[in-house]
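Undergrad:
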Amino acid sequence: MGDLLDWALSMAKGKREWVDSKPLPWDRGVERFFRALEAFDAYMASDAPLHAPAEKLFQGPIADALTHVGQIATRRRLAGAPVRGENYFLADIVEGRVGPEQPAPRKEFD
């Protein structure tokens with residue numbers, strides 16, 4: 553997913569560069585994901601020119617990343633370790649808070 557976020561950022565900047573990175577150990581991969589997410593979020597929130605339509609960025613690399621999230625959730629459920637559901641309408645979601653430090657869920661469900 554880090555590659556997809558990096559690709560989205562490169563397209564937003566007008567470069568359209570894809571890098572096929574080698575898998576990292578879990579902790580480093582998590583750090584890379586959040587760095588890439590924070591960089592993409594910061595660019596999208598800035599006044600910098602957007603060199604690709606936001607709709608294309610979201611229907612392309614961001615939708616692809618969300619597909620992978622769904623695949624991970626499905627595999628966890630099949631392995632007997634499901635991710636608990638959360639009511640995102642009630643969740644404490646704040647614009648720009650994209651790092652690993654997130655508030656506890658307000659309303660979870662099974």
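Residues in the sequence shown are numbered consecutively from 553, following the numbering used here.
In this text, a Cβ means the ideal position worked out from N, Cα and C, and glycines have one as well.
Note that the structure is a prediction, hence the values are computed from the model and not measured.
(1) Where residue 580 and residue 590 are concerned, what is the direct C-alpha to C-alpha distance, given to the nearest angstrom?
(2) Closer than 8 Å is the cut-off here; do at least three beta carbon pairs connect the segment 601-610 with the segment 639-649?
(3) Measure the Cβ-Cβ separation of residue 556 and residue 613 and say whether it is below 8 Å.
(4) Would you kindly report the start and end of the unbroken alpha helix (DSSP H) that includes residue 624?
(5) Taking the DSSP output, what are the residues bridged to residue 637?
TA: According to the structure shown:
(1) The C-alpha of residue 580 lies about 15 Å from the C-alpha of residue 590.
(2) Between the segment 601-610 and the segment 639-649, the count of C-beta pairs closer than 8 Å stays below three; the two stretches do not touch.
(3) Contact: yes.
(4) It spans 615-630 - the alpha helix (DSSP H) in which residue 624 sits, taken as one unbroken run.
(5) As DSSP reads the structure, residue 637 sits in a beta bridge with 661.
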